Structure formats: C-alpha cells, structure tokens
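A.B. asks: One line per chain: the protein sequences are A and B, in this order.
For our numbering, count along the first sequence from 1 and bump the result up by 170.
For our numbering, count along the second sequence from 1 and bump the result up by 11.
Glycine included, each C-beta is placed from N, C-alpha and C at the ideal position.
Remember, predicted model here, so these are calculated numbers, not experimental data.
Before anything else, here's the structure in question.
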Amino acid sequence: MVLSLPFSPVIQSRLRWWLLFLLPLWPLANLVWLGVSNDLGTDPAKFIVDEMGTWAINFLWITLAITPARQALGWSWALKFRRMMGLYALFYAVLHLLAFCTFLIGWRSDLFFRELTERPYIIVGALALLILIPMGITSTKSMMRRLGKRWKSLHRWIYPASLLVMLHFIWQIRASFYEQLIYGLILAVLLGYRLYLRYQR
Amino acid sequence: MLIKKPDSIKSSQITPESVYRNRRQFIKAGLGLAAVSSLGLPSIAQALEYDIPADLPQYPGPEWMRAQLAAAVRNETFSTSEEPAPYYNAITHNNFYEFGTDKRDPVRKAQNFKTDPWTVEIAGEVAKPGNYNLEDILKPHALEDRVYRLRCVEAWSMVIPWLGFPLADLIKRFEPTSKAKFVRFETLVDKEQMPEQDSIFSTIDWPYVEGLRMDEAMNPLTLMAVGVYGNALPPQNGAPLRLVVPWKYGFKSIKSIVKIEFVEEMPASSWNIIAPGEYGFFANVNPEVDHPRWSQATERRLPSSLLSPNIVDTLPYNGYGEEVAQMYKGMDLKKWY
Chain A
171 MVLSLPFSPV IQSRLRWWLL FLLPLWPLAN LVWLGVSNDL GTDPAKFIVD EMGTWAINFL
231 WITLAITPAR QALGWSWALK FRRMMGLYAL FYAVLHLLAF CTFLIGWRSD LFFRELTERP
291 YIIVGALALL ILIPMGITST KSMMRRLGKR WKSLHRWIYP ASLLVMLHFI WQIRASFYEQ
351 LIYGLILAVL LGYRLYLRYQ R
Chain B
12 MLIKKPDSIK SSQITPESVY RNRRQFIKAG LGLAAVSSLG LPSIAQALEY DIPADLPQYP
72 GPEWMRAQLA AAVRNETFST SEEPAPYYNA ITHNNFYEFG TDKRDPVRKA QNFKTDPWTV
132 EIAGEVAKPG NYNLEDILKP HALEDRVYRL RCVEAWSMVI PWLGFPLADL IKRFEPTSKA
192 KFVRFETLVD KEQMPEQDSI FSTIDWPYVE GLRMDEAMNP LTLMAVGVYG NALPPQNGAP
252 LRLVVPWKYG FKSIKSIVKI EFVEEMPASS WNIIAPGEYG FFANVNPEVD HPRWSQATER
312 RLPSSLLSPN IVDTLPYNGY GEEVAQMYKG MDLKKWY
C-alpha cells in the first residue's frame, strides 16, 4: 500500500491524516502562487473559475470512489476520509461560486439574477451546490449521532448531486468532449458499482 | 524564432504596464504633432510602432511580404482609440481549434505550422476562378493598420491592431457574377500539422467553414488580415491570411484561409452546423440576444487582472453600429442571430 510507512501504526495513521488533509489544499495553493507571480494567463478570471470547478468535481468523484475502494480494494482506512473529501468538494464548489461572482460578473446582482434564472447549466450547477451545503453542515460527528439513520439518507443525496454536476459539465461542451467523456465514464463506474451491489442484494 | 515554452516567459520580463502606457502616450503625442503639421491630408497617420518586448517572438513573414508590411499605414477612420492589448496577450490567448481547444494550445502547437508558400482557391460564381499564390493575391493591395475591437462569443474581448486590406477590394478583382450572393471561406485541412483535426472527440467537422452575405463582405470594415502589431500574422493567429469582421463574434473571423467561394445560397457555417440553436449564420454582436449558455450583455476586456476584472457592457454590433446597422434593417435580430 502506498501509505505504509516505517512508523508505529498510531504515527502512521496521524501522518496519513495530515497528508490527506493538506494535499487537497495544493490546487488552491498553486492558484494563489500563480496569482501572486502574475502567471494566470490573459484571462485569469476564467482560469480560476474553471480550475475551482474542476477540483470540486475531482473531490466529489474521489468521495464517491471511497466506498468501492474500501470494498473492492480492501482500503478499509479510506472510510475515515470520506467526509473530509466530501467537504473538500464543497469547499472547491463554494470557491468556484465565489470566483464566478467576483471575477466573471463582478458582484453585479442584475447579472447574477439573470445567469441564475436563464442559463440551464448554471441552474443545475447551483442546484448541485444547494444539495451539497446541507451535507456539509451535517458532516460533523455530533450531527451524525443526532441524525442517526436519517444522516445516511440525507447523504445519499450525493448521487443526484453528482449527476447534476455532470450535467453542468456536459452542458459546457464546445469543440471537444474529451474531458466530459473521461469524467462521465468514471462517474458511470462509480454509480454503476452501487447499482450492481443493489442488484446483487 | 519559435516559442517552445510560452509559459516560461516570466512576468518580470514583460514590459511593465506603466512603462508601456507612457511609451504609447509619447508615441501618440508624436502622432498628434505629425497630424498638425500635415493638415489637409486624409485621416491617415503614419509610423506604426508597437512595443514588442525583445524576448517575445516576432513574425516577420515571408521575404516577399515584408516590404508590403513595412509600408502599411494606420487607417484612423476605422480604428478605435482604445489601447490595443499588449502583444504578449494577443499572441498567446486565442481560439484556433485546429490546434486544440485550450486558449494556450494555438501558441503551443502552431509554431511549426507552414504558411509559405500558400495557395488560395477562388471558386464558384466568379469570372476569374483558379488557384492563386498568396503573393499574387496580395500584390496589388496596400496594407492598412486598423485597430479593431474583437469580441468573442465566450464573453471576452480584446483590442487588436490588424494589418490587412478590405475584402471588398479583393472581391472586385475576381469579378463575382450576379449570382454571387454569399462568400464562403474554408480553413486548411492538414491533420499532420493541425493535431485537433485528428481528434476523435472533436465536434467540428473539418474543414472549418464560415461565410458572409455579399454586402457584409463588401462592407469597408471587413478586412483580410495578413498581420498584427506591425508584423506578419503569427501562425496561431491565423497566418498567413485570415478574415476580420469586427462587428461579429470572433468565430466568424475565419483563420488560415485556403478557399474563397462565391455562392448563391447561404453557406452552412461550422458553428451553426454543430449547434444551430446557439450559433447563427450572422453572429452579429448583440447584448440583447443571449447565447443560451453565456450572457452577451457584458464582456471581459482582456487582459484583465484579478483586482479589476475589467467587465464592460457589450455594445450592439460591437460598437460598429453606425457602419453596419443599415445592412440589417427590418431583420428580426432574435431570429437572425
């Protein structure tokens, strides 16, 4: 396994926690670095918005991959990080929205309202974010305890959210559908795995 | 000179904006003096001078083109007084899907694109059809420098100084017949040189095709460009010959033209074929008619910085209404978008 280190199991587990906590901050750090060194290209607004969106999708897919990784590959340790990865998906989705508001529409409420009501791909993106927010809020251990069984059914909303995110992404295809095809295939595998399990039962 | 790694150009090596602007003001003041001392002359000023940082590649063009490029004069009548984008931005940020779909793909992948010798086929309803060397096509024309606004349908825009000549002058030379109602253009197909044409994920059916109605093609604003910033066109910007139609979205301004055909019927255009609900044949810049996916009410004037995104309201016909609006009188612009 990648993360087996020559330390005691406790230290190993702590190292892994810190690594998996800090690594997802890399895309943000990289962007800040590019911004500081004035290296974001000619259209930095678009670049940042796209980048944050892509990482929101990446972490959403990673979150969905944890159950198959645990069951099919035996990565039992991975479950501990599922909520963390989900929170990072929400984190980048919120940054994606903030970047959109700040850099693409300059916080103009008239534009914001128009985009949110007239642009189908923005509507589905916003819906996906609205679904992720309550999941983020209820991601603490105490909320898990308090909600009990309902926690699980609430967090199953990740499935419709991921489909909305995929639609949001597909709706932006212009001259090439390469990226969307790759992301779509991965999502099909991740969701198909669940369907398969259900069918098995 | 080739750009192998455009990303390796450090921001510190680019002329600071303040220096750049001062220099421009200095040049403008000089032009002002020149204009005063040449009262009575038409509104054509001279001395094309663009700040091209020494570490950025320049594109002198083929030997035979250089004297023509050097003799170009600014056409003030058709030029905006807005500040052109820095050279670096204009040559590193554009769409040229034959070379890839990222804005930086063209500059990365087009540097070895062979643009000389170059042949253009003149075809269709025209008295003098045939295959012509670019040199022969260009020979009779004096080149003009025109600073135009370029508005992309993706809602970014840039001010760019083109070098070229009116398409109308070219059309007249080849004598279209009375049947010629539209002009149809084609870009080169060359899978060896243009990697995206070989992609199985592409939604474009190559070659890239565009068209104009005859009166649009004859409009004095419509330019056949062979250069930018006082030089030849860089390959990524559509060398050696491209169209520039400043009141239409950028995708109408077809690059690296190999065929000009005069036709009776409105030609199919590439984006209109891919998504007819989103891209019309006319594609006039219009803040009132949104693209289904992107609002067209505003645009980001590039280069923009994070602290000031430089969002400006989009003007009808990209601000060229006075010159072109009469061509669309009585047309429903929501239908003919």
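Say whether the region 279-297 of chain B touches the region 125-144 of chain B, bearing in mind that this needs 3 or more beta-carbon pairs closer than 8 angstroms, one atom from each stretch.
C.D. replies: Result no; under three Cβ-Cβ pairs closer than 8 angstroms.
A.B. asks: Threshold first: 3 residues or longer. Then list the beta strand (DSSP E) segments lying entirely within the region 46-116 of chain B, N to C.
C.D. replies: 84-86
A.B. asks: With DSSP as the reference, label T212 (chain A) as helix, strand or coil.
C.D. replies: coil
A.B. asks: Classify W133 (chain B) as helix, strand or coil using the three-state DSSP reduction.
C.D. replies: Per the sequence presented here, residue 133 (chain B) reads as Ile, with Trp not at that position. In the structure shown, I133 (chain B) sits in a strand (DSSP, three-state: E or B).
A.B. asks: With DSSP as the reference, please indicate the residues paired to E197 (chain B) in a beta bridge.
C.D. replies: In the DSSP output, where bridge partners are listed per residue, E197 (chain B) has B:V220, B:K270.
A.B. asks: Quickly, what does DSSP pair D226 (chain B) with across the bridge? List them, please.
C.D. replies: In the DSSP output, where bridge partners are listed per residue, D226 (chain B) has none listed.
A.B. asks: Hey, how far is the Cα of D213 (chain A) from the Cα of S189 (chain B)?
C.D. replies: 45 angstroms
A.B. asks: Go through the region 284-342 of chain A residue by residue and report every complete run of the alpha helix (DSSP H) that reaches 4 residues or more, in order.
C.D. replies: Counting only runs of 4 or more, we get 290-307, 311-317, 319-325, 328-340.
A.B. asks: Since I believe L286 (chain A) is in contact with A117 (chain A) (beta carbons under 8 angstroms), could you give me their beta-carbon distance rounded to a whole number of angstroms?
C.D. replies: Outside the shown range of chain A, which is 171 to 371, sits residue 117 (chain A), and nothing can be said about it.
A.B. asks: To the nearest angstrom, report how far apart N321 (chain B) and P151 (chain B) are at their CA atoms.
C.D. replies: Going from the Cα of N321 (chain B) to the Cα of P151 (chain B) covers about 41 angstroms.
A.B. asks: Could you tell me which chain A residues have their CB closer than 8 angstroms to the CB of A121 (chain B), listed as they occur along the chain?
C.D. replies: Near A121 (chain B) there are no residues of chain A at all, since even the closest Cβ is about 16 angstroms away, more than 8 angstroms.
A.B. asks: Report yes or no: is there a C-beta of chain B within less than 8 angstroms of the C-beta of W341 (chain A)?
C.D. replies: yes
A.B. asks: What are the boundary residues of the beta strand (DSSP E) that includes R253 (chain B)?
C.D. replies: In the DSSP annotation of this structure, the continuous segment of the beta strand (DSSP E) that includes R253 (chain B) starts and ends at 253-255.
A.B. asks: Compare the C-beta of V264 (chain A) against all C-beta atoms of chain B and say whether one is closer than 8 angstroms.
C.D. replies: no
A.B. asks: Please compile the residues from chain A whose C-beta is within a distance smaller than 9 angstroms of the C-beta of W217 (chain B).
C.D. replies: Simply none; closest approach about 11 angstroms.
A.B. asks: Rounded to whole angstroms, what is the Cα-Cα separation between S48 (chain B) and A65 (chain B)?
C.D. replies: Interpretation of S48 (chain B) is limited by its pLDDT of 40, a score under 50 that renders its predicted location unreliable; no figure is taken from the coordinates.
A.B. asks: Any beta carbon from chain B within less than 8 angstroms of T233 (chain A)'s own beta carbon?
C.D. replies: no
A.B. asks: Per DSSP, what kind of secondary structure is E310 (chain B) in: helix, strand or coil?
C.D. replies: strand
A.B. asks: Which residues mark the beginning and the end of the beta strand (DSSP E) in which A236 (chain B) is found?
C.D. replies: 234-239
A.B. asks: On the DSSP letters alone, give me the boundaries of the beta strand (DSSP E) that V160 (chain B) sits inside.
C.D. replies: Per the sequence shown, residue 160 (chain B) should be read as Arg rather than Val. Taken as a continuous stretch (DSSP letters only), the beta strand (DSSP E) holding R160 (chain B) covers 155-162.
A.B. asks: Which value, in whole angstroms, describes the spacing of the CA atoms of L190 (chain A) and A235 (chain A)?
C.D. replies: Rounded to whole angstroms, L190 (chain A) to A235 (chain A) spans 15 angstroms at the Cα level.
A.B. asks: Can you give me the C-alpha to C-alpha distance between P179 (chain A) and P314 (chain B), rounded to a whole angstrom?
C.D. replies: 52 angstroms
A.B. asks: Report the neighbours of L351 (chain A) on chain B: residues whose CB is nearer than 8 angstroms to its CB, in chain order.
C.D. replies: Going along chain B in sequence order, the residues near L351 (chain A) (Cβ under 8 angstroms) are F212.
A.B. asks: Could you spell out where the alpha helix (DSSP H) holding L318 (chain B) opens and where it closes?
C.D. replies: Segment: none, L318 (chain B) is in no alpha helix (DSSP H) and carries neither H nor E.
A.B. asks: Could you check the C-alpha separation between S346 (chain A) and Y366 (chain A) for me, to the nearest Å?
C.D. replies: 31 angstroms
A.B. asks: Return the CA-CA distance between W258 (chain B) and P187 (chain B), expressed in angstroms with no decimal places.
C.D. replies: 24 angstroms
A.B. asks: Quick one: measure Cβ to Cβ for W245 (chain A) and A239 (chain A), integer angstroms, because I've assumed they're closer than 8 angstroms.
C.D. replies: 5 angstroms
A.B. asks: Against chain B, does F273 (chain A) count as a neighbour if the rule is that its beta carbon must be under 8 angstroms from one of theirs?
C.D. replies: yes
A.B. asks: According to DSSP, L174 (chain B) sits in a beta bridge with which residue or residues?
C.D. replies: Paired residues: B:D156, B:G238.
A.B. asks: What separation, rounded to the nearest whole angstrom, lies between the Cα atoms of I171 (chain B) and E275 (chain B)?
C.D. replies: 33 angstroms
A.B. asks: Look at E310 (chain B) and S92 (chain B) and say whether their C-beta atoms are less than 8 angstroms apart.
C.D. replies: no
A.B. asks: In this structure, what does DSSP give as the bridge partners for Y258 (chain A)?
C.D. replies: Answer is none; Y258 (chain A) lacks a bridge partner.
A.B. asks: According to the neighbour-count rule (16 or more other Cβ atoms, all chains shown, within 10 Å of its Cβ), is E165 (chain B) buried or exposed?
C.D. replies: buried
A.B. asks: Just the C-alpha distance for I150 (chain A) and K250 (chain A), rounded to the nearest angstrom, thanks.
C.D. replies: There is no way to answer for residue 150 (chain A), as the model of chain A reaches only from 171 to 371.
A.B. asks: Exposed or buried, which one is H202 (chain A) when buried takes at least 16 other CB atoms within 10 Å?
C.D. replies: Reading off the sequence, residue 202 (chain A) comes out as Val, not His. V202 (chain A) should be labelled exposed.
A.B. asks: Just to confirm, are L154 (chain B) and V237 (chain B) a CB contact at a threshold of 8 angstroms?
C.D. replies: Yes, they are a contact pair.
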